[in-house]
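Those sequence lines, one after another, are chains A and B.
Those letters in the first sequence? Residues 1 to 279, per the numbering used here, in order.
Those letters in the second sequence? Residues 280 to 548, per the numbering used here, in order.
Ideal Cβ placement from N, Cα and C applies to all residues, glycine included.
In this text, all values refer to a predicted model and were calculated from it rather than measured experimentally.
Down below is the structure, laid out as structure tokens.
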Amino acid sequence: MSAAQALRPELRDPAARRRLTWAIAAVVLLWPLGRLAEFHPAVLLDPANAGVMGGFVRGFLPPAADAEFLHELLQATLQTLAIATAGVALAFVIAVPLAILATRSLSIAALGPADGRWRGRVLRQGVRTLMVLARSIPEIVWALLFVRASGLGPAAGVLALAITYGGMLAKVYAEILEAADARPARALLQAGGGRIAALCFGLLPLAAEELVSYTVYRWECAIRAAVVMGFVGAGGLGQLVDQALKGFVPGQVTSIWLVFLALVMLAEAISLVLRKVLA
Amino acid sequence: MSLQFDKIGVVHPNGRRALASVALSVAAGERVALIGPSGAGKTTLLRVAAAGLRPTEGGVMLLGAQPWALSSRALKGLRARVGFVHQAPPIPPRLRVVTAVLAGRLGQWSLARALRSWLLPGDAAGARDALARVGLGERLFDRCDQLSGGQLQRVAVARTLYQRPQLLLADEPVSALDATTADAVLRELVGYSSASGATLVASLHAVDLALRWFPRIVGVRDGVVMFDLAAADVTPERLAALYAGDAGPGVAQPVEAPAHRATMPLASA
């Protein structure tokens, strides 16, 4: 802002002060968080630590590849994939209706606005609260609860993923839909179209790519979450990592890590192909 | 009466007044052009007429019903009978032309029919007929992002024609079109109105087009109706008063690139 501009109040950007305040607030709030997390980047560069790290890493080579272990690894991989996929599929079924209800650009009562506007607002707030509740408890905690309730096994992992990821997908779906240009959907509602019709003909053509890419990314996250839940008895690769670490067989850990890598690359490839199809 | 405004006023939530005490009656089958400088309130008036904006003062009768006294289901049914050509075509670029046109009847279709049409165009012949009227019959299965801005606007007109509304509202329907295409599109809108008996109310930037195609002209300025006359009675003095201080009454401007005009001749032109 030039000095001449500062002197003339009608030329002063009304947003400037607010933006500056938020920028300062963000730094002031984030700094103590870094200290609290004991984040000390300098430690990583200390040469004394490098030797220790090197020896540690060498222990993990070569990866284990005996037939018996590979068979076990395949079984566990399939189980983890099954948990993640079933969990995300269930989460999707939960998330779609919630997201449609929560999206403001699909509100028919907003036209006018009509008398039903307040009812709509209360409903949307209720749905958003439900979404917050669903994702407020980490999936690992749900998994522990379900393992207690329904015993060890993949079902606990699937249910845990469905609840937490249902909330996450619904929240982000609604936000992606609201970020898209609302005018096509609103024009359809204006011409008497229904909410779902307006979603399909007005919003999805704008947002499909982003929705698909986020869903595939969440599936990738679900694979990792399924691994972690394996540590608490939900089966799959997590259980295998647990065994390998407890029995201290570093080569097996490396093999499992290679499988993780392959799975993430698979998710990446699927996302790429789907986005190309939709573009 | 197709449309009746009883001294309506509109004050936007930010406190700006868009319309003041507008009284207007349009009989079924009538064709009315709204003219006036930009910011006069023409778009607001059309949105009120489409039951998309609720006036803060006064009452509206639309196709024999009071929209804001209806249940939400009945209001939806009423809106399905009103077509609206928006100034900027509200069509997602990734939609195919055929789907964009079929969307015109979403208000009349069941959800099952809508979803079927979304996955696989059900009435491609109907969509093609509507597109042929605006000279785009060949582009049925193209994607909308392959069209020019003017062509997209014509797709939006085709969508509204496919809707078969009883009241057709158009907000600057031809401002993105070159002079020849603009004239042809207006001919189609007027032709639809006279063939079906539908009422047509259009706001136009180009006064010459308004006078040529519409028997009744309503001049709007600063949210107030300045005159409501037969086209023959609109004198240059009245136009000068309506546009006083503005850049002056507009004429149809060629906006579309000539290349598109050459490759895409209108069927009816």
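Please report the residue range of the beta strand (DSSP E) in which residue i lies.
| i | result |
| --- | --- |
| B:R500 | 495-500 |
Please report the straight-line C-alpha distance between residue i and residue j, rounded to a whole angstrom.
| i | j | result |
| --- | --- | --- |
| A:V172 | A:A155 | 25 Å |
| B:L398 | B:R491 | 42 Å |
| B:W347 | B:D424 | 37 Å |
| B:V413 | B:D402 | 18 Å |
| B:G383 | A:K276 | 29 Å |
| B:L440 | B:R433 | 10 Å |
| B:G524 | A:D13 | 29 Å |
| B:A242 | B:E417 | Past the boundaries of the shown model lies residue 242 of chain B; chain B is included only from 280 to 548, so the question cannot be answered. |
| B:P292 | A:L144 | 51 Å |
| B:A328 | B:L431 | 24 Å |
| B:L298 | B:V504 | 9 Å |
| A:T190 | B:F493 | Checking the sequence shown, residue 190 of chain A turns out to be Gln, not Thr. A:Q190 and B:F493: Cα-Cα distance of roughly 25 Å. |
| A:L78 | A:A160 | 18 Å |
| A:R117 | A:C200 | 23 Å |
| A:H40 | B:L332 | 57 Å |
| B:K355 | A:R183 | 18 Å |
| A:F60 | A:V253 | 7 Å |
| A:A174 | B:A449 | 31 Å |
| B:L521 | B:P515 | 10 Å |
| A:N283 | A:G247 | This structure cannot speak to residue 283 of chain A, because chain A is shown only from 1 to 279. |
| A:P62 | A:F69 | 14 Å |
| A:G151 | A:V273 | 38 Å |
| A:L36 | A:L30 | 10 Å |
If you follow the alpha helix (DSSP H) that residue i is part of, which residue opens it and which one closes it?
| i | result |
| --- | --- |
| B:D450 | Where B:D450 is concerned, there is no enclosing alpha helix (DSSP H), although the beta strand (DSSP E) it sits in stretches over 446-450. |
| A:E175 | 154-179 |
| A:F146 | 139-150 |
| B:L324 | 321-328 |
| B:A312 | Here B:A312 belongs to no alpha helix (DSSP H); instead the beta strand (DSSP E) covers 310-314. |
| A:V228 | 204-229 |
| A:R186 | 183-190 |
| A:W304 | In the structure as shown, chain A begins at 1 and stops at 279. Residue 304 of chain A is therefore absent and cannot be evaluated. |
| B:G405 | 403-412 |
According to DSSP, is residue i part of a helix, a strand, or is it coil?
| i | result |
| --- | --- |
| B:R333 | coil |
| A:V249 | coil |
| A:A15 | coil |
| B:R375 | strand |
| A:G112 | strand |
| B:M280 | coil |
| B:F363 | strand |
| A:R58 | helix |
| A:M1 | Confidence in A:M1 is poor, its pLDDT being 49 and thus under 50, which makes the residue's placement unreliable; the coordinate value appears in the next sentence. Coil at A:M1, not helix or strand. |
| B:L298 | strand |
| B:S304 | strand |
| B:V290 | strand |
| B:D512 | helix |
| B:S350 | coil |
Check whether the Cβ atoms of residue i and residue j sit closer than 8 Å, and answer yes or no.
| i | j | result |
| --- | --- | --- |
| A:A269 | A:I256 | no |
| B:F284 | B:A302 | yes |
| B:I370 | B:P334 | no |
| A:A91 | A:A162 | yes |
| B:V409 | B:G429 | With the sequence shown as reference, residue 409 of chain B is identified as Ala, and Val is not the correct amino acid for it. Not a contact, by the Cβ cut-off of 8 Å. |
| B:G308 | B:G498 | no |
| B:L357 | B:L381 | no |
| A:A134 | A:G166 | yes |
| A:A170 | A:M131 | yes |
| A:G236 | A:T80 | yes |
| B:L338 | B:G502 | The question names Leu, yet the displayed sequence has Gly at residue 338 of chain B. Not closer than 8 Å, so no. |
| B:R495 | B:A510 | yes |
| B:L447 | B:L468 | yes |
| B:V377 | B:P400 | yes |
| A:L98 | A:V141 | no |
According to DSSP, residue i sits in a beta bridge with which residue or residues?
| i | result |
| --- | --- |
| B:D285 | B:G338 |
| B:T478 | B:L446 |
| A:I83 | Answer is none; A:I83 lacks a bridge partner. |
| B:D507 | B:V497 |
| B:R422 | B:R375 |
| B:A455 | Partner(s): none; B:A455 has no beta bridge. |
| B:A344 | B:L341 |
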